[in-house]
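Numbering (my numbering), first residue to last: 312 to 596.
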């Protein structure tokens, strides 16, 4: 299962995703370093997209699938283009899953200009109203243009206390340092993991974004497996270039993300990534 926490405001937004991957049919732990969050960076808007539910089913791998459908020839896509592509492509594989296992939600937090937006692409959840009693055989879209502060918690939300979300929203409302906001969000994930058991990992990725589209993602916790998540800049996934750069520098290509920062969305785009080669990390443990 998963825990995704998203808090959006007009001044700053934050999103966390844990790394635990379990099989939808057996509940067995498959991975504790699964990618469930993607950075999207285009001219005029940037966003953070995460998911909970079916990380894998049969030969389907949602993380790899998501990177594949979001990647395209260099160019522009709107928020709505991305949301509708996730829905339409997702409907194809969702129908192959037995009805009782179709619980799945994607969450997109994005700024277009200075305006924050939330999208849910889900088989059973909406940004407005209660969850459905049973999942549909297709994904539907809900959207909110954020005024004030809005949160959306998916996955193991039953283990998240109201005051825990309220405290995180208060941190965002105070316009605290983004570093403090990311730390507070990661601490919320850790507390929930301790309550939820094996279905949520204590380690997580916590990312913030500002209205100009700039932001930073940071890995929290002891992650000892390869982890380089998809990061899409105008259709190009820059993640596959990281192992190549490490090899050319004489380092092991087996590495995990420490953090990544990206510039505001404008005519040009830049990302600076910090990676830790796993061989050296293991020697230091």
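Glycine is no exception: its CB is placed at the ideal position from the N, C-alpha and C atoms.
Note that the coordinates shown come from a computational prediction; the quantities given were computed from them, not determined experimentally.
Roughly how many whole angstroms lie between the Cα atoms of residue i and residue j?
i, j, result
"residue 569", "residue 553", "12 Å"
"residue 409", "residue 447", "11 Å"
"residue 596", "residue 567", "Low confidence applies here, because residue 596 scores a pLDDT of 35, under 50, leaving its location unreliable; read the following figure in that light. Using only the alpha carbons, I get a separation of about 15 Å."
"residue 520", "residue 459", "16 Å"
"residue 555", "residue 443", "45 Å"
"residue 593", "residue 438", "In this prediction, residue 593 scores a pLDDT of 42, lower than 50, which makes its location untrustworthy; the coordinate-derived value is nonetheless stated afterwards. If I take the Cα positions, the gap works out to 42 Å."
"residue 475", "residue 333", "25 Å"
"residue 561", "residue 522", "38 Å"
"residue 598", "residue 355", "There is simply no residue 598 to check, as the chain begins at 312 and stops at 596 in what is shown."
"residue 464", "residue 516", "15 Å"
Pop quiz: residue i and residue j are said to be a contact at Cβ under 8 Å. What is the actual Cβ separation, rounded to whole angstroms?
i, j, result
"residue 367", "residue 512", "In fact, because the Cβ distance is near 16 Å, the residues do not count as touching under 8 Å."
"residue 255", "residue 457", "Residue 255 cannot be examined here, being either before or after the span of the chain that is shown, 312 to 596."
"residue 380", "residue 398", "Going by Cβ atoms, the distance from residue 380 to residue 398 rounds to 11 Å, so no, they are not a contact pair."
"residue 345", "residue 374", "6 Å"
"residue 518", "residue 377", "That belief does not hold up - the Cβ atoms of residue 518 and residue 377 are roughly 16 Å apart, past 8 Å."
"residue 314", "residue 500", "6 Å"
Since residue i is in the alpha helix (DSSP H), which residue starts that stretch and which ends it?
i, result
"residue 498", "489–507"
"residue 588", "Counting along the chain, residue 588 falls outside any alpha helix (DSSP H), though it belongs to the beta strand (DSSP E) covering 582–588."
"residue 558", "552–559"
"residue 378", "373–381"
Helix, strand or coil for residue i, going by three-state DSSP, please let me know.
i, result
"residue 406", "coil"
"residue 641", "Past the edges of the chain, shown from 312 to 596, lies residue 641, and the structure says nothing about it."
"residue 479", "helix"
"residue 397", "helix"
"residue 412", "helix"
"residue 391", "helix"
"residue 457", "coil"
With a CB to CB cut of under 8 Å and the five nearest residues on each side skipped, what residues in its chain are close to residue i?
i, result
"residue 385", "545, 546 and 547"
Less than 6 Å between C-beta atoms, sequence neighbours within five positions excluded: which residues of the same chain meet that for residue i?
i, result
"residue 430", "394, 419 and 454"
"residue 401", "450"
"residue 581", "574"
"residue 330", "343, 344, 345, 512 and 514"
"residue 532", "513 and 514"
Along the chain, where does the beta strand (DSSP E) that runs through residue i open and close?
i, result
"residue 327", "324–329"
"residue 531", "526–531"
Considering only residues of the same chain and omitting the five flanking positions on each side of residue i, which have a CB-CB separation below 7 Å?
i, result
"residue 525", "573, 574 and 575"
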